[in-house]
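In order, the protein sequences belong to chains A and B. For the first sequence, our numbering begins at 1 and goes up steadily by one. For the second sequence, our numbering begins at 1001 and goes up steadily by one. Just so it is clear, CB atoms sit at the ideal spot from N, CA and C, and this is done for glycine as well.
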Amino acid sequence: MNLFHFLLQNHEQVLELTLQHLWLVGISTLLAVLVGIPLGVMSAHWPVWNKPVLGTANIIQTIPSLALFGFLLPVPWLGDRADRLAILALTLYALLPVIRNTYTGIRGVDAAVVEAGRGMGLTPNQLLFQVELPLALSVILSGVRVAVVVSVGLATIAAAIGAGGLGEFIFRGLAMVNNQLILAGAIPAAFLALSADFGLGWLEKRLRPR
Amino acid sequence: MKMEPNLANSPVIEFRDVAYALPNGQPLLSGLNLQVQRGETLVLLGRSGSGKTTTLKLVNRLLSPSGGEVCVNGAPTSASDVIRLRRSIGYVIQDVGLFPHFTVERNIGLVPRIEGWSPERIHGRVQEMLHMVGLEVQLVSRYPHQLSGGQRQRVGVARALAADPAILLMDEPFGALDALTRDQLQREFLSLQQRLNKTVVFVTHDLREALRLGSRIALMESGRLVTVLPPQEFLRSRDPLAAAYVQAFGDGLDSAASRGAS
Chain A
1 MNLFHFLLQN HEQVLELTLQ HLWLVGISTL LAVLVGIPLG VMSAHWPVWN KPVLGTANII
61 QTIPSLALFG FLLPVPWLGD RADRLAILAL TLYALLPVIR NTYTGIRGVD AAVVEAGRGM
121 GLTPNQLLFQ VELPLALSVI LSGVRVAVVV SVGLATIAAA IGAGGLGEFI FRGLAMVNNQ
181 LILAGAIPAA FLALSADFGL GWLEKRLRPR
Chain B
1001 MKMEPNLANS PVIEFRDVAY ALPNGQPLLS GLNLQVQRGE TLVLLGRSGS GKTTTLKLVN
1061 RLLSPSGGEV CVNGAPTSAS DVIRLRRSIG YVIQDVGLFP HFTVERNIGL VPRIEGWSPE
1121 RIHGRVQEML HMVGLEVQLV SRYPHQLSGG QRQRVGVARA LAADPAILLM DEPFGALDAL
1181 TRDQLQREFL SLQQRLNKTV VFVTHDLREA LRLGSRIALM ESGRLVTVLP PQEFLRSRDP
1241 LAAAYVQAFG DGLDSAASRG AS
């Protein structure tokens, strides 16, 4: 039985695991954006925050993913459900690129533009939402893109703690020494990563300020 | 802070023994006493690091004095609402600082928009402004990167004037332009100023520009005000620094001074 046959025969399960995978990546990316952008803005505006925020995100990044899943397992509420756990871990990993690119993007806005805005009497909020964030958007988005691509890969490991996703096929294949099963998880995952990369890259290019 | 407008003779901007130092303690400006009268164009002249731009930014409180007091319309800036203050003062800088993601129309209409004008009123005002600074109306939908340097600077001036501020701060607005465009914009500035009668503080390091545009020239050096003189007197000044400036710029200054001082 070749791979194509396998995917066709098990298309319902493939679809289900793919959707599960997308859900893990989608929710965790959303959370990382909601937390990471404010943290990035904060470190760009108040340099005191820069080192602690980026430092912490950096350290999180260095924790091996299996170990992080393991560490979080005994945490109450979180440990109750594997997908909660997986989402938290994926969120933590996605934070660094989001924070770093928000920081870089905001710091990269032409100083003359910010100065002109302040001098004309924009409030700090108006400056942030009408000038700084729109001009930093493409840089922030490229951080989100990195986060998504990394998350798609990392989310396969979430199957190790029973959170589902395409990693399920991979782990099953590893246990059964079945290469086709491994590929049935790996190929759709790679496809997801590539399409996310392409789609967000396209969006990023469209949003780049002139 | 409401001010009575009947103080026709009181200065619009006043520096009272103003000092400014960087957070690390390095002084950039000290002992500054200066008054800017209604309708005049006061030029701050000096070389880089002399404190001209610092002085300018103290007016709209982009910087706050570390000593003394800056008053605008009689009220100390430290006591006024900084956002209100800035919206009542036009601000033009050398790098223009147009918002690259806004069209010309949105750039010019920015302060009116955040001040809550109606779209029709903003639109009309933008047309009026474009006309005033000599730009074609078709440019409204362009983005700053699609304009020439001279056009960008004109948009910068239009943007600063859009909400009709009584005070205009200009920080080397024509410094980055080629000689011909600069000459043209200086001429337009003079005719505009004759009509609008704004109170202008203008920063430059170019004596020729100072003589041409200024009703008075405030010469600065190392964070201190050296002297304040009308253009014609500046040329005859015995002050060693002023004399050095006149000498450095050479001949033909008389004509520059008389063109401006008319």
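Interface flag, residue i vs chain A, CB-CB below 8 Å
i	result
Pro1268 of chain B	No information on residue 1268 of chain B is available, as it lies outside the stretch 1001 to 1262 that chain B covers here.
Ile1093 of chain B	yes
Arg1086 of chain B	yes
Ile1114 of chain B	yes
Val1043 of chain B	no
Asn1060 of chain B	yes
Gly1214 of chain B	no
Gly1263 of chain B	Any answer about residue 1263 of chain B is impossible in this case: the structure gives chain B only from 1001 up to 1262.
Pro1111 of chain B	Note that residue 1111 of chain B is Val in the sequence shown here, rather than Pro. Taking Cβ atoms only, chain A reaches closer than 8 Å to Val1111 of chain B, which makes this a yes.
His1123 of chain B	no
Ile1013 of chain B	no
Ile1083 of chain B	yes
His1101 of chain B	yes
Proximity below 8 Å, CB of residue i to CB of residue j
i	j	result
Arg1086 of chain B	Gly201 of chain A	no
Ala82 of chain A	Ala32 of chain A	no
Leu1034 of chain B	Leu1207 of chain B	no
Ser28 of chain A	Ser151 of chain A	yes
Gly1068 of chain B	Asp1017 of chain B	yes
Phe171 of chain A	Ala184 of chain A	no
Gln180 of chain A	Phe6 of chain A	yes
Leu1130 of chain B	Val1137 of chain B	yes
Gly165 of chain A	Gln20 of chain A	yes
His1205 of chain B	Leu1028 of chain B	no
Cβ neighbours of residue i in the same chain (closer than 6 Å, five flanking residues each side left out)
i	result
Phe1174 of chain B	Arg1182, Leu1185
Pro97 of chain A	Gly143, Val146, Ala147
Ser1050 of chain B	Met1220, Glu1221
Val1140 of chain B	Val1104, Glu1105
Asn50 of chain A	Ser43
Leu92 of chain A	Ile60
Interface flag, residue i vs chain B, CB-CB below 8 Å
i	result
Glu168 of chain A	no
Thr102 of chain A	no
Val41 of chain A	no
Val113 of chain A	yes
Leu141 of chain A	no
Ala116 of chain A	yes
Pro38 of chain A	no
Gly108 of chain A	no
Thr29 of chain A	no
Leu135 of chain A	yes
Val131 of chain A	yes
Gln126 of chain A	yes
Met176 of chain A	no
Leu122 of chain A	yes
Gly105 of chain A	no
Gly119 of chain A	yes
Beta-carbon contacts of residue i that lie in its chain and below 8 Å, excluding the five residues immediately before and after
i	result
Val1059 of chain B	Ile1013, Val1070, Val1072, Thr1077, Ile1089, Ile1167, Leu1169, Val1201
Val207 of chain A	The residue asked about is misnamed: residue 207 of chain A is Leu in this sequence, not Val. So the qualifying residues of the chain are Leu137, Ser138, Leu141.
Leu174 of chain A	Ile182
Ser1237 of chain B	Thr1227, Leu1229, Ala1243, Val1246
Asn1107 of chain B	Leu1098, Phe1099, Pro1144, Val1155, Arg1159
Leu72 of chain A	Leu78, Gly79, Leu85, Leu88, Ala89
Any non-hydrogen atom of the ligand PLP closer than 7 Å to residue i Cβ
i	result
Val113 of chain A	Looking at this structure, you won't find the ligand PLP or any other ligand, since it has none at all.
Under the three-state DSSP convention, the category residue i falls into
i	result
Met42 of chain A	helix
Thr123 of chain A	coil
Ile213 of chain A	The requested residue 213 of chain A does not occur in the structure, where chain A is confined to residues 1 to 210.
Ala136 of chain A	helix
Gly199 of chain A	helix
Ala163 of chain A	coil
Ser1030 of chain B	strand
Glu247 of chain A	Because chain A spans 1 through 210 in this model, residue 247 of chain A falls outside it and cannot be assessed.
Leu1229 of chain B	strand
Asp80 of chain A	coil
Glu1115 of chain B	coil
Pro64 of chain A	coil
Leu206 of chain A	The amino acid occupying residue 206 of chain A in the given sequence is Arg; Leu does not appear at that position. Arg206 of chain A: helix per DSSP, three-state reduction.
Glu16 of chain A	helix
Lys1002 of chain B	Because Lys1002 of chain B sits at a pLDDT of 47, beneath the cut-off of 50, its placement in the model cannot be relied upon, and the following sentence gives the value as read from the coordinates. In this structure, Lys1002 of chain B counts as coil in the three-state DSSP scheme.
Leu73 of chain A	coil
Val177 of chain A	coil
Leu1022 of chain B	coil
Arg1238 of chain B	coil
Cut-off 7 Å between Cβ atoms - residues of its own chain near residue i, not counting five sequence neighbours on either side
i	result
Asp197 of chain A	Arg145, Val149
Leu1241 of chain B	Leu1219, Glu1221, Val1226
Phe1249 of chain B	Leu1207, Arg1208
Original post:
Can you list, in chain order, the stretches of the alpha helix (DSSP H) that have 4 or more residues and sit fully within the segment 1128 to 1204 of chain B?
Top reply: 1149 to 1161, 1179 to 1196
**OP:** Quick one: which unbroken beta strand (DSSP E) runs of 3-plus residues sit fully inside the segment 1080 to 1113 of chain B? Chain order, please.
**Re:** 1089 to 1093
Original post:
What are the start and end residues of each continuous beta strand (DSSP E) run of 3 or more residues lying completely inside the segment 1036 to 1064 of chain B, in chain order?
Top reply: 1041 to 1045
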